[in-house]
Each structure stands twice: as structure tokens, then as C-alpha cells.
Amino acid sequence: MGITFLAAGTSVPDLITSVIVARKGYGDMAVSSSVGSNLFDVTVGLPFPWLLSAIIYWRPISVDSQGLYCSVVLLFLMLLFVVCSVAAFKWKMSKGLGVAMFVLYSGFLATSVLLVLGFFQCPF
């Protein structure tokens, strides 16, 4: 549950930046910023502290989050949807596409919270 709130807190500045850039007419820059910042967070921001901890304490890092694998699979599928849908709309963002992405993200967030709270188990 803490991972979910941490993720939301780190994404708010990216959201604000993307909205400002999109309103100035640079939709492609807004989309690449949102994907690129999350990619950087996952490939550098997450493993670097774990690497430092492993070097300092010489023990493995344990990640205790139920449904983490399921959440990663869902995020990957959503990433594919975003890229394919934006490409299908000829790289033009529309309000309908934005609403669809917001609804999908809300569904992902609800699914992740329900997984952590144990309302259902990940089938993978």
C-alpha cells in the first residue's frame, strides 16, 4: 500500500509538467516525458538505493508486496495500450483518449489496492 502512495507522490510533478507542456501544444513532448520519467524511475531510481543497501549491509533486499508481479504485468499491458492507441490516433492526443487513459489508470490503481488488501489473488 505504501508503494502505491509513494508512486502517486512521485508522479504528481511529472503530471503537472506534462499538462503544462501539452497545453503549450507539445503533446509528443508530454507523452515522451511521462513514459521517460517512469522508465528512469524504474531503471535508476528504484534499483540504486537497493544496490547501495546491498553494498553497505551485505544482505539481499526483500520486497514484500502481494500482487507485485500482477501489477507489473498490468502496467506493461497498459504501456502497450498507450503506445498503440497514440500511434493509432496518428500521435495526436484527444480528450477521449485522455479520459480512456485516466479510466484505465484508475482501474489499475483499484486493482493494485485490492490485490494488496487481499480481496483477490494474482492468477500469475
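So in UniProt numbering, spot 89 of the sequence shown is number 89, and the numbers just go up one at a time. Quick reminder that beta carbons are idealized off the backbone N, C-alpha and C, glycines included. Just so we're clear, the structure is a prediction, and the values are computed from it rather than from any experiment.
Distance between Asp28 and Ser34 (C-alpha atoms, nearest Å): For the purposes of this step, residue 34 is taken as residue 34 along the sequence shown, with counting starting at 1. For the purposes of this step, residue 28 is taken as residue 28 along the sequence shown, with counting starting at 1. Taking the straight line from one Cα to the other gives about 10 Å.
Cutoff 6 Å; reference Val21; Cβ partners in own chain excluding five residues on either side: Position 21 of the sequence shown, counted from the first residue, corresponds to residue 21. Same-chain partners within the cutoff: Met29 and Ala30.
Taking Cβ positions, are Thr43 and Leu74 nearer each other than 8 Å? Along the sequence shown, read from residue 1 onward, the residue named residue 43 stands at position 43. Along the sequence shown, read from residue 1 onward, the residue named residue 74 stands at position 74. No.
Is the distance from the Cβ of Leu97 to the Cβ of Ser85 below 8 Å? As a position in the sequence shown, residue 97 is number 97, starting the count at 1. As a position in the sequence shown, residue 85 is number 85, starting the count at 1. Against a cut-off of 8 Å, the Cβ pair of Ser85 and Leu97 comes out as a contact.
Taking the C-alpha atoms as reference points, what is the distance between Gly9 and Ile16? Counted from its first residue, the sequence shown places residue 9 at position 9. Counted from its first residue, the sequence shown places residue 16 at position 16. C-alpha separation (whole angstroms): 12 Å.
Three-way DSSP call (helix, strand, coil) for Ser18 in this model: For the purposes of this step, residue 18 is taken as residue 18 along the sequence shown, with counting starting at 1. Three-state DSSP puts Ser18 in a helix.
Quick check on Arg23: does DSSP put it in helix, strand or coil? Within the sequence shown, numbered from 1, the residue matching residue 23 stands at position 23. Looking at Arg23 - three-state DSSP - the assignment turns out to be helix.
Under 8 Å between C-beta atoms of Leu104 and Phe119: As a working note, residue 104 is residue 104 in the sequence shown. As a working note, residue 119 is residue 119 in the sequence shown. It is not a contact, given that the beta carbons lie outside the stated cut-off.
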